[in-house]
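Adding 88 to a residue's 1-based position in the sequence shown gives its number in the working numbering.
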Amino acid sequence: MAELKPPPPPPPPPDNLEERWKEVVDTLSESPRDVDLLVKAGQLSEQLQRPLEAYTYFRKALTLDPSQAVLVSKLKTLAVTPEQKEEVTRISRRPTSFTASLNDIFKYPVKGKGLPILILGAIFLWIARALMKGGIGTSGLVIAGLAAAYMAMFYIDVCHTTVGGDDELPEWPDPLRINEFAADVAKFICATIAAFLPVIVILIFAAGSLFSPADEELPTRLVPPVRHSGQNAVDDDGEPAHPAPAPAPAPLPPPPAPSSSLSTTLILCGVGIFVFGLVGLTYLPMAKLANVVMGSPFTCFNYPFVVHSIVAAPRNYLICLAVYFGTSLIVGVAEAVVGIADVIVFTGVGLAFLELYGMTVLMRLLGLFYRMNQAKLGWMAD
């Protein structure tokens, strides 16, 4: 009788995927924008047969770092619902780098429904400015403030929708969002103040030095008093003696030559304005972006935060600066040309359209910079 062989030993237990998944998810709760952790959580969810969780983790990782193009194929495999498949199709068409995303930035304002939106906006802005010029006192200021606030809301919506992944111009904001007016205007004003605060301080100091009373009171030379021999003095012939003529007063000393300290102060102020002006121009775009994305008009005054964000993606930020100020220069020249044309209707509407177009491009640019560099910036904002 053949001897029975013992059954083979059971295979070694697999790695406890659930434990590893929980560990990664717990770590993600502390670092929710860590792309590597998101990818790892997606891989573990995929192995645990949890396609919805895996899809969510991979999608967030790709949103934070669009250069992770390999995740698109995973999303295509995991997409089940029509909404997911449509979303993956949109994601697959997005550029994978900041420079690639700039290819159609100048077409963005007039693409699709964008051109009619800008035309309506230009007409609105032109009418508002006409009413402002015709307004008297407070009414003109109120019209100007409301128009500026409404346009600020639109520009911020452009940035927000770009960050969210939209590639078409948003609709005009709902006027009922009046509670956002002051905060949105402050986001632009505070960013400018924060960027050029050293320049403002230097200008105040220079003005104080220039208009302060620099001339001190000049010393006066004392004239010796005229001495008379007496009220009833007589000469040798017995006639009353006439007092000797008083000596002419001594001329005042010439005023001192202007001190060279004022000239030196003004030169140093000029150098400071130039240097800190360049620093302010570098700081300004990131200050605006920080205010818009983080939602507070005072984020720009957190100088370590903004500077850290600039150095987090230096190459892309230099490209952003070049496009930002290049666009500003082009639009400024175009506005000057339209102004020189001196055609009343065309000048008004044309200038408004150019301003809208230029600001839309700039806010789109800032939104693209944030969208393509979220992982590097590490901002805790969604």
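A virtual CB, placed ideally from N, CA and C, is assigned to each residue, including glycine.
**Asked** Which class does residue 156 belong to by DSSP, given the choice of helix, strand or coil?
**Response** As a position in the sequence shown, residue 156 is number 68, starting the count at 1. Coil.
**Asked** For residue 436, which residues of its own chain have a beta-carbon under 6 Å away from its beta-carbon, when the five flanking residues on both sides are left out?
**Response** Indexing the sequence shown from 1 puts residue 436 at position 348. Excluding positions up to five away in sequence, the list reads 214.
**Nearest-angstrom Cα separation, counted from residue 297 out to residue 303** = Within the sequence shown, residue 303 is the residue found at index 215, counting from 1. Within the sequence shown, residue 297 is the residue found at index 209, counting from 1. Low per-residue confidence applies at residue 303: pLDDT is 47, beneath 50, and the placement is therefore not dependable, though the value from the model is reported in the following sentence. Residue 303 and residue 297 have their C-alpha atoms spaced approximately 12 Å apart.
**Message:** With H, G and I counted as helix, E and B as strand and the rest as coil, what does DSSP make of residue 397?
**Reply:** Locating residue 397 in the sequence shown gives position 309, counting from the first residue. DSSP places residue 397 in helix when its eight states are reduced to three.
**Asked** Can you tell me whether residue 310 is buried or exposed, with buried defined as 16 or more other CB within 10 angstroms of its CB?
**Response** Against the sequence shown, residue 310 aligns to sequence position 222. For residue 310, the predicted structure reports a pLDDT of 48, less than 50, and the residue's modelled location is therefore unreliable. The matter cannot be settled from this model.
**Prompt:** By DSSP, does residue 209 sit in helix, in strand, or in coil?
**Reply:** Translated into the one-based positions of the sequence shown, residue 209 becomes position 121. Residue state, collapsed to three classes: helix.
**Prompt:** Among 254, 446, 129, which one has its Cα closest to the Cα of residue 110?
**Reply:** For the purposes of this step, residue 110 is taken as the residue at position 22 of the sequence shown. In terms of Cα proximity to residue 110, the closest of 254, 446, 129 is 129.
**Message:** At the level of alpha carbons, what is the spacing between residue 251 and residue 176?
**Reply:** Position 163 of the sequence shown, counted from the first residue, corresponds to residue 251. Position 88 of the sequence shown, counted from the first residue, corresponds to residue 176. Approximately 17 Å between the Cα atoms of the pair.
**Request:** Can you check the stretch 168 to 242 for any alpha helix (DSSP H) of at least 4 residues that lies completely inside it and give the ranges in chain order?
**Result:** For secondary structure counted as the alpha helix (DSSP H) over 4 or more consecutive residues, the stretch 168 to 242 holds these complete runs in sequence order: 170 to 180, 186 to 189, 202 to 222.
**Request:** Just the C-alpha distance for residue 276 and residue 240, rounded to the nearest angstrom, thanks.
**Result:** The residue given as residue 276 occupies position 188 in the sequence shown. The residue given as residue 240 occupies position 152 in the sequence shown. The straight-line gap separating the alpha-carbon atoms of residue 276 and residue 240 is approximately 8 Å.
**Message:** When you compare the CB positions of residue 139 and residue 105, do they come within less than 8 Å of one another, or not?
**Reply:** Start at 1 with the first residue of the sequence shown, and residue 139 comes out as number 51. Start at 1 with the first residue of the sequence shown, and residue 105 comes out as number 17. Cβ atoms of residue 139 and residue 105: not closer than 8 Å.
**Enclosing alpha helix (DSSP H) for residue 135 [first to last residue]** = Here residue 135 refers to the residue found at position 47 when the sequence shown is read from its first residue. Its alpha helix (DSSP H) spans residues 123 to 135.
**Asked** Going by other Cβ atoms of all chains shown within 10 Å of its Cβ, with 16 needed for buried, is residue 379 buried or exposed?
**Response** Taking the first residue of the sequence shown as position 1, residue 379 is located at position 291. Buried, by the Cβ-count rule.
**Item:** Close beta carbons around residue 245, own chain, < 7 Å, minus the five adjacent residues each side
**Value:** Taking the first residue of the sequence shown as 1, we reach residue 245 at position 157. Within the same chain, residue 245 has close Cβ partners 258, 261.
**Request:** Reducing DSSP to helix, strand and coil, say where residue 362 ends up.
**Result:** Mapped onto the sequence shown, residue 362 falls at position 274. Residue 362: helix per DSSP, three-state reduction.
**Message:** Short of 8 Å in beta carbon distance, which residues of its chain neighbour residue 305, apart from the five on each side in sequence? Order them along the chain.
**Reply:** In the sequence shown, residue 305 corresponds to position 217, counting from 1. Low confidence applies here, because residue 305 scores a pLDDT of 46, under 50, leaving its location unreliable; read the following figure in that light. Correct list: empty, nothing qualifies.
**Asked** Got a sec? Which residues, its chain only, sit under 6 Å from residue 371 by beta carbon, not counting five neighbours each side?
**Response** Within the sequence shown, the letter at position 283 stands for residue 371. Leaving aside the five residues that flank residue 371 on each side, the residues in its chain whose CB is nearer than 6 Å to its CB run, in chain order, 283.
**Prompt:** Whole-angstrom Cβ separation of residue 116 and residue 125, contact assumed at under 8 Å?
**Reply:** Here residue 116 refers to the residue found at position 28 of the sequence shown. Here residue 125 refers to the residue found at position 37 of the sequence shown. So it is a contact: roughly 5 Å between Cβ atoms.
**Asked** Would residue 318 be called buried (16 or more neighbouring beta carbons within 10 Å of its own) or exposed?
**Response** Counted from its first residue, the sequence shown places residue 318 at position 230. In this predicted model, residue 318 has a pLDDT of only 48, less than 50, meaning its place in the structure is not dependable; the value taken from the coordinates is given anyway. With fewer than 16 Cβ atoms within 10 Å of its Cβ, residue 318 is classed as exposed.
**Nearest neighbour of residue 173, chosen from 161, 183, 184 [CA to CA]** = Along the sequence shown, read from residue 1 onward, the residue named residue 173 stands at position 85. Residue 161 is the option with its Cα nearest to residue 173.
**Item:** Per-residue DSSP class, three states only, for residue 256
**Value:** Within the sequence shown, residue 256 is the residue found at index 168, counting from 1. When DSSP states are grouped into helix, strand and coil, residue 256 belongs to the coil group.
**Prompt:** Secondary structure at residue 441, three-state DSSP: helix, strand or coil?
**Reply:** The residue given as residue 441 occupies position 353 in the sequence shown. Note: residue 441 maps to helix in three-state DSSP.
**Message:** Taking only three categories from DSSP, how would you classify residue 104?
**Reply:** Looking up residue 104 in the sequence shown gives position 16. Here residue 104 sits in coil by DSSP.
**Asked** Is residue 397 near residue 450, with beta carbons less than 8 Å apart?
**Response** Here the question's residue 397 lines up with position 309 in the sequence shown. Here the question's residue 450 lines up with position 362 in the sequence shown. No.
**Item:** Reduced DSSP secondary structure (H/G/I, E/B, other) of residue 265
**Value:** The count along the sequence shown starts at 1 and reaches residue 265 at position 177. Collapsing the DSSP output to three states places residue 265 in coil.
**Asked** Of all the options 272, 420, 255, which has the alpha carbon lying nearest to the alpha carbon of residue 439?
**Response** Taking the first residue of the sequence shown as position 1, residue 439 is located at position 351. The residue with the shortest Cα to Cα distance from residue 439 is 420.
**Prompt:** Which residue from 153, 193, 236 puts its Cα closest to that of residue 55?
**Reply:** Residue 55 lies beyond the stretch modelled for the chain, which goes from 89 to 470, so this question has no answer here.
**Message:** Helix, strand or coil, according to DSSP, for residue 447 in the structure here?
**Reply:** For the purposes of this step, residue 447 is taken as residue 359 along the sequence shown, with counting starting at 1. Correct three-state label for residue 447: helix.
**Asked** Secondary structure at residue 368, three-state DSSP: helix, strand or coil?
**Response** To locate residue 368, count along the sequence shown from 1; it is residue 280. Three-state DSSP puts residue 368 in a helix.
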